[in-house]
Structures are given as C-alpha cells and as structure tokens.
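Trainee:
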Amino acid sequence: MKILVLGSSGMLGRVLVKEFKSKNWIVCGTAIDQADFVFDIRDDFKLNCLIESFYPDIIVNTVAIIDHEVCDAHPGLAYQINARPLTILTEICKKKNIFLVQISTDYYYHGNKNLKHKEDARICLLDEYARTKYAAEIFTLLYNNSLVVRTNIVGFRNDKTQPSFVEWVIDALVNKRNINIFDDVYVSSIDVSCFANVLSQLLVKKPVGIFNVASCDVFTKKDFAIGLAKKLNFDFSNFNIGSVKNLSHNVRADSLGLDVSKIEDLLKISLPTMEEVIDNILLEVGK
116 MKILVLGSSG
126 MLGRVLVKEF
136 KSKNWIVCGT
146 AIDQADFVFD
156 IRDDFKLNCL
166 IESFYPDIIV
176 NTVAIIDHEV
186 CDAHPGLAYQ
196 INARPLTILT
206 EICKKKNIFL
216 VQISTDYYYH
226 GNKNLKHKED
236 ARICLLDEYA
246 RTKYAAEIFT
256 LLYNNSLVVR
266 TNIVGFRNDK
276 TQPSFVEWVI
286 DALVNKRNIN
296 IFDDVYVSSI
306 DVSCFANVLS
316 QLLVKKPVGI
326 FNVASCDVFT
336 KKDFAIGLAK
346 KLNFDFSNFN
356 IGSVKNLSHN
366 VRADSLGLDV
376 SKIEDLLKIS
386 LPTMEEVIDN
396 ILLEVGK
C-alpha cells in the first residue's frame, strides 16, 4: 500500500510515517521542511505533480494551523491552510480513485461539560480554527471515498518554541514552575502512538464518513495534568486551577468529549482510558 502523508514533520505526521513504515507500507511525507518532499500545501501545481508522480493509494492530510489566536488574527491564512487544500485534494482523488483521509478536530462543542459527543452531535463554531476545520470536513465529504477523523492527540512535539501540552506540563513539574491548569475544559485526548495504530487499522478497512478516534474517557485538563504528575511522582502544588474563560476575550469551546463507540464497534477494539493514555505517554518518555 502506498500512502502520502501531508504534514509529515508535525507531531502526528512523524508518528504516522513511523507506524505506516513498520507495516512495510510505502510512505511519502510532505511538509514545509524536514520531509521527503518539501513544499507549501498552498502550491496547487506542486501538490498535483507530487500526487501524479507518487500516485498513492491513500492520502492522509494532517496539515493545519492549530494556534487559535493565529487563526482568529489571520482568517484568510487559516482558510488557505486548513480548508482550501481539501477542495484541490478531493478533485484529484476523484480522478485517480485515491482514498482521502482528513484529520480533523474535537473543537466543535461547548457548554456540555463531560458529555460524550457522537459523530452526528450538534456542533458549535466559535472561532476561525473551528470554522476552517469544519469547512475542510465539508469539502472532504463531498468526495464519496473519503474519511474524516475527529480527534484530540497528546504527545511530544520536540520543538522548544512550541511545546505540546504534555511537554509544557512536564517542564513545569521538573522546574517547579507555576502554571494554570483548566478545570472547565473537558477532553478525550488520546496519545499519538495509539491514534496512529488505530488509524492504520482504519486504512485497511477504508470506511467512509466521520469517525471519532479518542480516549474512551472524558476528563478535564486538570485531571490529566494531575494524573501525569502522580504517575511521574512529582509534587504538583505548583498547579494553579484556572478557567478557559480567562484565556482570551473570545469564547473558547470547552466540552470536547468524544463518543468512540462507533469506531470501537467497527474495529472490535477498546480505546484507551485516561490512565492508559498517560501510561502510553510515559512509555515514550522512556525511549
């Protein structure tokens, strides 16, 4: 199987490439740097040429601007990166009968606390990040041989200028630095390695439509951070309990729990609990 991973230098993309290669699949990764093929996803001509030359069976798109403040400040740029490429990809994939996978987000729900949202739950688009990611979903699903995966991944970005949530928490624990942890943001975060494994199973089956891939639990960011601290045997008295309402003048989605029963039924698997997600992350720390 030949797979093209768009955004292969990112936290998710790197792990996907590793996972797919472990299965002896032929993989080509693209990004704006540190990739098999370096280019800007806004370059339609180069995108088309790459697909024409590599001719993958599957394209997995992980490219996105994930900084909400940047998306709000530059909505045009957010659209160009997060949404518009899918209008090009769907047309190319239709012509070549390529299975298209769009990695999406959980950032669609608000005010429901720890509710687990199914794939058809009512959504709420509160900022440009959510709007552009949802537009990408709509564009993707116009093609009937496509899959949208909603998720919230945690792991290691290995970029000191943009630490991931896990890296930020661990750094605060190690350096005894005070940080604010939200107790009013509910998530179903899944470790990136487990996500990659589940996605590889999906690529074999090639289901179409929308699937949630996440932890089977819903928990607050505070719960997760404290759980991580306890597993690492660190004192977490430097954690201050804060609210997402104080993060920005804009309203931010706060109820991001996902119902994973659909994917569990399809693959006959059990998605990880919060504790298992933390254990998986700690396995990565030891590597």
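Just so we're aligned: 204 in the working numbering is position 89 of the sequence shown, and the numbers increase by one with no gaps anywhere.
Heads up, the beta-carbon is just placed ideally off N, CA and C, and yes, glycines get one too.
1. From what residue to what residue does the beta strand (DSSP E) around residue 217 run?
2. So, residue 240 versus residue 303, is the Cβ gap smaller than 8 Å?
3. Would you mind stating whether residue 162 and residue 156 have Cβ atoms separated by less than 8 Å?
4. In terms of residues, what are the limits of the alpha helix (DSSP H) holding residue 397?
5. Would the beta-carbon of residue 305 fall within 8 Å of that of residue 190?
6. Quick one: give me the first and last residue of the alpha helix (DSSP H) that residue 303 is part of.
7. Tell me the rounded alpha-carbon separation between residue 126 and residue 373.
8. Does DSSP classify residue 129 as helix, strand or coil?
9. Going by DSSP, name the residue or residues bridged to residue 294.
10. Between residue 118 and residue 140, is the Cβ-Cβ spacing less than 8 Å?
11. For residue 265, name the three-state secondary structure that DSSP assigns.
12. Taking the alpha carbon of residue 353 as the point to measure from, which residue in 336, 341, 209 has its own alpha carbon closest?
13. Smallest Cα separation from residue 334: which of 154, 231, 396?
14. Is it the case that the Cβ atoms of residue 297 and residue 266 are separated by a distance below 8 Å?
15. With a threshold of 7 Å, establish whether the CB of residue 307 neighbours any heavy atom of the ligand MG.
16. Would you list, in sequence order, the uninterrupted alpha helix (DSSP H) runs of no fewer than 4 residues that lie entirely inside the region 170-219?
17. Alpha carbon to alpha carbon, how far is residue 195 from residue 226?
18. Is it buried or exposed, residue 82, if we count other Cβ atoms within 10 angstroms and call 16 or more buried?
19. Decide if residue 326 is buried, meaning its Cβ has at least 16 other Cβ atoms within 10 Å, or exposed.
20. Spatial neighbours of residue 393 within its chain, please: CB distance less than 7 Å, with the 5 preceding and 5 following residues excluded, ordered by chain position.
Mentor: In brief:
1. Per DSSP, the continuous beta strand (DSSP E) segment holding residue 217 begins and ends at 214-218.
2. no
3. yes
4. 389-400
5. no
6. Note, residue 303: premise wrong, no alpha helix (DSSP H); not H, not E.
7. 21 Å
8. helix
9. 354
10. Taking 8 Å as the Cβ cut-off, residue 118 and residue 140 qualify as a contacting pair.
11. strand
12. 341
13. Residue 334 has its Cα closest to that of 231, out of 154, 231, 396.
14. no
15. Judged by which ligands are present, the structure shown has none, so any question about the ligand MG falls away.
16. Those alpha helix (DSSP H) runs which fall completely within the region 170-219 and span 4+ residues are 183-188, 190-197, 199-211.
17. Cα to Cα, residue 195 sits roughly 29 Å from residue 226.
18. The requested residue 82 is not part of the displayed model; the chain covers only 116 to 402.
19. buried
20. 342, 343, 346
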